[in-house]
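What follows is a short report on a single structure.
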Amino acid sequence: MGIARVALPVAAHAEFDYWAPSGLGIAVGSVVRVHLARRALVGVVVALSDTSEVETARLQPVTEVVAELPPLPDDLLAVARFIAGYYQEPLGQVLAQMLPPLENAPVSQRRAEALAGPLALTAAGMRELPPRLRRSPRLAELFDRWRTAAGGVLTELELQALPPRLRTTLRAWLQAGWLEPAAAAPDPAAGGPELNADQQRAAAAIIAAGGRFAPFLLQGVTGSGKTAVYLAAAAAVIAGGAQALVLVPEINLTPQFERRVLAALPGRRVVTLHSGLAAGARRRRWLAAATGVADVVLGTRLAGFAPLPRLGLIVVDEEHDPSYKQQDVVRYHGRDVAIWRARLRAVPVVLGTATPALETLRHVQDGRYVRLNLPQRAVADARLPMLALAPDRGEAVYDGMGARLLAAIEARLARGEQSLVFINRRGYSPSLLCASCGWQAGCPRCSARLVVHRDAFELRCHHCGHRERLARACPQCGNVDLLPMGHGTQRLERALAERFPSARIARVDRDSTRREGAFAAIREQVHAGDIDIMVGTQMLAKGHDFPRLTLVGVLGADNALYSADFRATERLGALLFQVAGRAGRAGLPGEVIVQTSFPEHPLFRALLHHDYDDLAAALMDERRVAGLPPFSRLALLTAEAPQRETVDGFLAAAQQAGLLLRRDLRLAVEVFSPVAAALARRAGQERGQVLVRSDERAALQRFLAAWREAIAALPGRRVRWALDVDPMGFA
Numbered sequence: 187m188g189i190a191r192v193a194l195p196v197a198a199h200a201e202f203d204y205w206a207p208s209g210l211g212i213a214v215g216s217v218v219r220v221h222l223a224r225r226a227l228v229g230v231v232v233a234l235s236d237t238s239e240v241e242t243a244r245l246q247p248v249t250e251v252v253a254e255l256p257p258l259p260d261d262l263l264a265v266a267r268f269i270a271g272y273y274q275e276p277l278g279q280v281l282a283q284m285l286p287p288l289e290n291a292p293v294s295q296r297r298a299e300a301l302a303g304p305l306a307l308t309a310a311g312m313r314e315l316p317p318r319l320r321r322s323p324r325l326a327e328l329f330d331r332w333r334t335a336a337g338g339v340l341t342e343l344e345l346q347a348l349p350p351r352l353r354t355t356l357r358a359w360l361q362a363g364w365l366e367p368a369a370a371a372p373d374p375a376a377g378g379p380e381l382n383a384d385q386q387r388a389a390a391a392i393i394a395a396g397g398r399f400a401p402f403l404l405q406g407v408t409g410s411g412k413t414a415v416y417l418a419a420a421a422a423v424i425a426g427g428a429q430a431l432v433l434v435p436e437i438n439l440t441p442q443f444e445r446r447v448l449a450a451l452p453g454r455r456v457v458t459l460h461s462g463l464a465a466g467a468r469r470r471r472w473l474a475a476a477t478g479v480a481d482v483v484l485g486t487r488l489a490g491f492a493p494l495p496r497l498g499l500i501v502v503d504e505e506h507d508p509s510y511k512q513q514d515v516v517r518y519h520g521r522d523v524a525i526w527r528a529r530l531r532a533v534p535v536v537l538g539t540a541t542p543a544l545e546t547l548r549h550v551q552d553g554r555y556v557r558l559n560l561p562q563r564a565v566a567d568a569r570l571p572m573l574a575l576a577p578d579r580g581e582a583v584y585d586g587m588g589a590r591l592l593a594a595i596e597a598r599l600a601r602g603e604q605s606l607v608f609i610n611r612r613g614y615s616p617s618l619l620c621a622s623c624g625w626q627a628g629c630p631r632c633s634a635r636l637v638v639h640r641d642a643f644e645l646r647c648h649h650c651g652h653r654e655r656l657a658r659a660c661p662q663c664g665n666v667d668l669l670p671m672g673h674g675t676q677r678l679e680r681a682l683a684e685r686f687p688s689a690r691i692a693r694v695d696r697d698s699t700r701r702e703g704a705f706a707a708i709r710e711q712v713h714a715g716d717i718d719i720m721v722g723t724q725m726l727a728k729g730h731d732f733p734r735l736t737l738v739g740v741l742g743a744d745n746a747l748y749s750a751d752f753r754a755t756e757r758l759g760a761l762l763f764q765v766a767g768r769a770g771r772a773g774l775p776g777e778v779i780v781q782t783s784f785p786e787h788p789l790f791r792a793l794l795h796h797d798y799d800d801l802a803a804a805l806m807d808e809r810r811v812a813g814l815p816p817f818s819r820l821a822l823l824t825a826e827a828p829q830r831e832t833v834d835g836f837l838a839a840a841q842q843a844g845l846l847l848r849r850d851l852r853l854a855v856e857v858f859s860p861v862a863a864a865l866a867r868r869a870g871q872e873r874g875q876v877l878v879r880s881d882e883r884a885a886l887q888r889f890l891a892a893w894r895e896a897i898a899a900l901p902g903r904r905v906r907w908a909l910d911v912d913p914m915g916f917a
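Just so we're aligned, residue 187 is where the sequence shown starts under our numbering, counting upward by one.
Structure representation (structure tokens):
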């Protein structure tokens, strides 16, 4: 009797044996349905055997092979084993991340499918729709847009910008056969100019590395044309019969990136993959990748798990971005997994950024990666913006904005140019203070202050989602003089509207773009010149190219300098270099004004000189002295429970177990004392952590494997705990 060893999406670090009926055609990598106790689960066959340690009579059969999905290929199984081993995660949960949603997903997990483009009118649509649209001017206008569009095609970006009601109608047209998927019409402007000498050298080096593992850091100033280099390399790879995988850090970057890819590679099949897709769309696109139909797969870290039988190139755009690290379920880093996959498949991998992660720079210094530089902006007459530091306090400051910034905005309005006011805080104000007794509105479930949202007349917790009505009087002393302290995007939007009443202002943050298509609609308005001033968070800091944006003002930059996280300065530096790079990208001179109380800080001095490498070198020296990454390896044990004493007791026992293991195994590993998390209470759960450090990766890995088993054996079922290997910050 054949035995199938199946990895299931459960917390156990073990696989389960089932007997494999011969008629099912089970192979290693097959996606199967089985029963575990009373639960029906989907798992992946990771091995076949003739024997089992489980008694034959106790073995259950594999219920069925999931016919809609092909077996996972060997390289993905190897990637899954790497993630499970390195990040100390159950293999079954890792493999579950690699599978698309299945046909019979629970109703609670289904969503209305996003309208995917590009779409064209069919012959039936051209014939049958006009008589039906006589009583609907809006639909008739939309129909006319299709007839006059380039190539008779509306792109996904244009479709997403439509109001929800129209998108619902178009879904019905698609089902009726009046619309059909189409290749995007070529857009020469989106494709960009010819490659300059630096771009040509970079692309040539990547193309020459085809057929072998070769990691490249493509470091270029903002606007230097890194995307054009990616696309030139991808075009060469695809022409040779291979597929390209392109990763971006955030979902909202995929539509415009897709547009660039379609324009640069006309006639090629491009699919996007990310968690924002409806189940059916995600499954179809996963299958297009797995069957080799797709030439380019573009998406977030989730796309890094797409089966690609002809994989020839991997690109990781904005490789420094912390969004590549998944923070729950399976805690892996998408960039590092992409590099490992490139190694397994013997293909080049390109890490693109203007602000490389220090870990990546260390690999360059050690000769493991090759650096390709793009020191100039790609547009011939475009120059890096002028940078200036301005005080963020004093009499001349109007609702958080200094006189210099306000004057610069006024000048742009007079010239018909666009401005961006950047602050990485949404809401109206980060706290509400009683001027009489000093009371501040706090979240009842978290150790955090509630944020004022005046538009909804609410106080909200940005950690757990708690909401309550905006207080009219202090609950402690009854004083009605309650002051919103600090600034958020809503407050700046209101202040700018009062100061510049004729300006067209758009706020871009998680609140204003929650509705489907909202962000795409704003982006279209900006490109069309219908917006004068944007007020936004880090959603606008990277990847966006607005030709008439010539001014960037940065507020609240100093906040990160007070953080206890050792990565805070690195992250702030990357963010400021990125957001400053939005200005002056298309020939119009750009200006960046950063408001700060610390103009002599090395970060701001490096920013003034457009010298990220200088900042990185200083941070490297600090990390080397402190023994922090990239000169050491870290792991973080996090725990949470309703009671503080439960968490403290569990972590103390875990630390003691770690100290004993370190002694018994004679490993060069430090196990630090338990401490409360930076956010000590979240959503009613008390939180704490234990940090582990080692200069040797192998020693840390050996320790973690043994420590995880020791922790699992500890009493304390009421404690929820997790190991985070290579954490991007402290919880």
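Where is the CB? At the ideal position from N, CA and C, for every residue including glycine.
Assigned with DSSP and collapsed to three states, residue 869 falls in coil, not helix or strand.
Under the 10 Å beta carbon count, residue 224 is surrounded by fewer than 16 other beta carbons and is classified as exposed. Scanning its chain for C-beta atoms nearer than 8 Å, with the 5 sequence neighbours on each side dropped, one finds around residue 564 the residues 378, 379, 382, 385, 409, 410, 411 and 414, in chain order. Contiguous beta strand (DSSP E) elements confined to the region 376 to 426 occur at 400 to 406, taking only those with 3 or more residues. Around the C-beta of residue 643, fewer than 16 other C-beta atoms lie within 10 Å, and the residue is accordingly described as exposed. The DSSP-derived three-state label of residue 526 is helix. Assigned with DSSP and collapsed to three states, residue 250 falls in strand. By the neighbour-count definition (other C-beta atoms within 10 Å, threshold 16), residue 671 is an exposed residue. DSSP places residue 639 in no alpha helix (DSSP H) but in the uninterrupted beta strand (DSSP E) bounded by 637 to 639. In this structure residue 636 is not in contact with residue 623, their Cβ atoms being roughly 17 Å apart against a cut-off of 8 Å. Annotation: residue 911 is outside any alpha helix (DSSP H); the continuous beta strand (DSSP E) that includes it extends over 906 to 911.
By the 16-neighbour rule on beta-carbons within 10 angstroms, residue 699 is buried. Between residue 738 and residue 721, the C-beta spacing is not below 8 Å.
Closest in C-alpha terms to residue 445, from the list 436, 906, 456 and 437, comes 456. Secondary structure of residue 665 (DSSP, three-state): coil. If you draw a 10 Å sphere on the C-beta of residue 677, you find 16 or more other C-beta atoms in it, and that means buried.
In this structure residue 522 is buried. Its beta-carbon is surrounded by 16 or more other beta-carbon atoms within 10 angstroms.
Under the three-state reduction of DSSP, residue 584 is assigned to strand. Each residue's CA atom was taken as its position, placing residue 363 and residue 328 some 17 Å apart. The residue from 819, 463 and 499 with its alpha-carbon nearest to that of residue 417 is 499. Cβ neighbours of residue 311 within its own chain (closer than 7 Å, five residues either side excluded): 359, 364 and 365. Rounded to whole angstroms, the Cβ separation of residue 827 and residue 871 is 7 Å, and the two are in contact under 8 Å. Non-local C-beta neighbours of residue 789 in its own chain, meaning closer than 7 Å and more than five positions away in sequence, comprise 755, 758, 759 and 801, ordered along the chain. In the three-state reduction of the DSSP assignment, residue 654 falls in the strand class, which pools E and B.
If the five residues before and after residue 261 are omitted, its C-beta is found closer than 6 Å to the C-beta atoms of 530 and 531, all from its own chain and listed in chain order.
Put simply, the backbone Cα of residue 893 is about 22 Å away from that of residue 831. For residue 794, same chain residues with a beta-carbon under 6 Å away, outside a window of 5 residues either side, are 573 in chain order. Under the DSSP assignment, residue 768 falls outside any alpha helix (DSSP H); it carries neither an H nor an E label.
DSSP places residue 534 inside the beta strand (DSSP E), whose first and last residues are 534 to 539. With respect to residue 252, residue 288 sits close: the two C-beta atoms are nearer than 8 Å. Put simply, the backbone Cα of residue 240 is about 21 Å away from that of residue 228.
Put simply, the backbone Cα of residue 230 is about 28 Å away from that of residue 823.
Setting aside the 5 residues that flank it on each side, residue 400 is surrounded in the same chain by 534, each with a C-beta closer than 6 Å to its C-beta; the list follows chain order. Listed in chain order, the beta strand (DSSP E) runs fully inside the region 782 to 868 are 819 to 827 and 861 to 868, counting runs of at least 3 residues. DSSP, read as helix, strand or coil, puts residue 615 in strand.
Listed in chain order, the non-local C-beta contacts of residue 625 below 8 Å within the same chain comprise 619, 660, 661, 662 and 663, local neighbours out to five positions each way being set aside.
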